[in-house]
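Using my numbering, the first residue of the first sequence is number 441, and each one after it goes up by one.
Just below is one structure, and these are the notes that go with it.
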Amino acid sequence: MPELPEVEVSRLGLLPYLPGQVLQGVSLRAPRLRHELSPALAERPVGRCLKRVERRGKYLLFDFESEGGGGWIILHLGMSGSLRLVPPGTPPGKHDHVDLHFPGRTLRYRDPRRFGTLLWVDGPVVLDHPLLAPLGVEPLSDAFDGAWLHQALRRRQAPIKQVLMDAHCIVGVGNIYAAESLFRSRISPLTPACRLSRQRCDRLAATVREVLAESIAAGGSSVRDYVHSDGGAGSFQLIVAVYDREGEPCQVCGGPIRRITQGGRSTFYCPRCQR
DNA sequence: CGTTACCCCTGGAGGC
DNA sequence: TGCCTCCAGGGGTAAC
441 MPELPEVEVS RLGLLPYLPG QVLQGVSLRA PRLRHELSPA LAERPVGRCL KRVERRGKYL
501 LFDFESEGGG GWIILHLGMS GSLRLVPPGT PPGKHDHVDL HFPGRTLRYR DPRRFGTLLW
561 VDGPVVLDHP LLAPLGVEPL SDAFDGAWLH QALRRRQAPI KQVLMDAHCI VGVGNIYAAE
621 SLFRSRISPL TPACRLSRQR CDRLAATVRE VLAESIAAGG SSVRDYVHSD GGAGSFQLIV
681 AVYDREGEPC QVCGGPIRRI TQGGRSTFYC PRCQR
């Protein structure tokens, strides 16, 4: 499942090829992903120049400039989405739902489970869109540190694991990175967020940043004209210490990794090391 | 305002 | 071997 690092690596993979190119056409082969695919997506951006590809949380934002005000494509990979650049005319596979045709290259969106999002927004500004406006802090920005985190957690009584994954608080931290960050900072996923000391918030903020940056660096080194986003085990060479390792020995203490359910999702942690 | 239940969808896992 | 059922999982939305 694509998380912030996979999305950022996808973005980096597009940068050498797409900005500055005029969109020639759009093919929609599915009626809907998470939401209905609007006809505007197939019509409005065509003939416009793609200025930039930005990222906000796990959303990719394609900026199409224009004399008349411009507009954006908002894209989210959901759980199983991936992007790749293919030569024009490449036959689409079963789950290749959308193509953006650029000169000499087609940006192809694949999403077997169709939890993704792809939509067109008119106008020069996109960050005030209802999907983006409520998003929390970017964990790789300067604004995110122990002091910020300590303040943000003050009123949250929910377990820290669930708050870490709350995109209205911090964007881009999914199940894998939440588990790995908590393991590295030796904090139990069950700890009520508001009970974390300033010192532990310092440690947690640092490890969240560290894990994300490591993963981006590992993925970034493998970017070519193929844009990876499948997020499969080991695809980013991130050393996974606890995620999906129920029953396996902890790398630090040798005790068994435990799996529990929090908010309907699996949490993996070492009950001995994480307090 | 914080928290929780539900829903979207399909591949893969497990049961028989 | 094959068919059927179950369910994870991001995140938005509605409801509590």
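Even glycine gets a Cβ: it sits at the ideal position worked out from N, Cα and C.
This one's a predicted model, so the numbers in the text were calculated from it and none came from an experiment.
For residue i, report the span of its beta strand (DSSP E) as first-last.
{"i": "E494", "result": "C489 to R496"}
{"i": "L540", "result": "D536 to F542"}
{"i": "V466", "result": "G465 to L468"}
{"i": "E620", "result": "Per DSSP, E620 belongs to no beta strand (DSSP E); it is in the alpha helix (DSSP H), N615 to R624."}
If you check the beta carbons only, do residue i and residue j fall under 8 angstroms apart?
{"i": "T707", "j": "P579", "result": "no"}
{"i": "A482", "j": "V462", "result": "no"}
{"i": "L525", "j": "R554", "result": "no"}
{"i": "G704", "j": "E443", "result": "no"}
{"i": "A645", "j": "F584", "result": "yes"}
{"i": "H475", "j": "I514", "result": "no"}
{"i": "Q597", "j": "P632", "result": "yes"}
{"i": "L457", "j": "L572", "result": "Reading the sequence as shown, one finds Tyr at residue 457 and not Leu. Contact flag unset, no."}
{"i": "I700", "j": "R685", "result": "no"}
{"i": "G556", "j": "H516", "result": "yes"}
{"i": "V449", "j": "L501", "result": "no"}
Alpha carbons only, please: which of the options is nearest the one belonging to residue i?
{"i": "G687", "options": "P711, V466, W512 and D551", "result": "P711"}
{"i": "S621", "options": "P570, A573, Y683 and D582", "result": "Y683"}
{"i": "Q591", "options": "R640, R495, L558 and L567", "result": "R640"}
{"i": "P564", "options": "A633, L468, T647 and R492", "result": "R492"}
{"i": "G695", "options": "Q702, C713 and V603", "result": "C713"}
{"i": "V680", "options": "L468, G511 and A618", "result": "A618"}
{"i": "L468", "options": "R685, E494 and L558", "result": "L558"}
{"i": "Q702", "options": "C634, P574, S637 and I600", "result": "I600"}
{"i": "L490", "options": "G497, S478, P689 and D503", "result": "D503"}
{"i": "C634", "options": "S655, H516, G614 and L589", "result": "L589"}
{"i": "R484", "options": "Y709, L540 and D642", "result": "L540"}
{"i": "L473", "options": "P445, R595, V449 and M519", "result": "M519"}
{"i": "S478", "options": "E494, D562 and E654", "result": "D562"}
Taking residue i and residue j to be in contact with their CB atoms under 8 angstroms, please state how far apart those CB atoms are, rounded to whole angstroms.
{"i": "W560", "j": "A480", "result": "5 angstroms"}
{"i": "R550", "j": "S581", "result": "At roughly 30 angstroms, the Cβ-Cβ gap does not stay under 8 angstroms, so R550 and S581 are not in contact."}
{"i": "G586", "j": "R624", "result": "So it is not a contact: roughly 15 angstroms between Cβ atoms."}
{"i": "L575", "j": "G511", "result": "L575 to G511, Cβ: 20 angstroms. No contact."}
{"i": "L636", "j": "L593", "result": "6 angstroms"}
{"i": "I610", "j": "V577", "result": "6 angstroms"}
{"i": "M441", "j": "G614", "result": "6 angstroms"}
Got a sec, what are the start and stop residues for the alpha helix (DSSP H) residue i sits in?
{"i": "F555", "result": "That residue, F555, is in no alpha helix (DSSP H); it is neither H nor E in DSSP."}
{"i": "Q591", "result": "G586 to A592"}
{"i": "V565", "result": "No alpha helix (DSSP H) contains V565, which DSSP labels as neither H nor E."}
{"i": "S522", "result": "Looking at the DSSP string, S522 is not in any alpha helix (DSSP H); the run it does join, the beta strand (DSSP E), is S522 to V526."}
{"i": "I600", "result": "I600 to L604"}
**OP:** Take every Cβ of the region 525-537, pair it with every Cβ of the region 506-516, and state whether three or more of those distances are shorter than 8 angstroms.
**Re:** no
Original post:
Per the contact definition of three or more C-beta pairs closer than 8 angstroms, is the region 441-461 in contact with the region 533-545?
Top reply: As far as the Cβ criterion goes, the region 533-545 touches the region 441-461, which means the pair count is three or higher.
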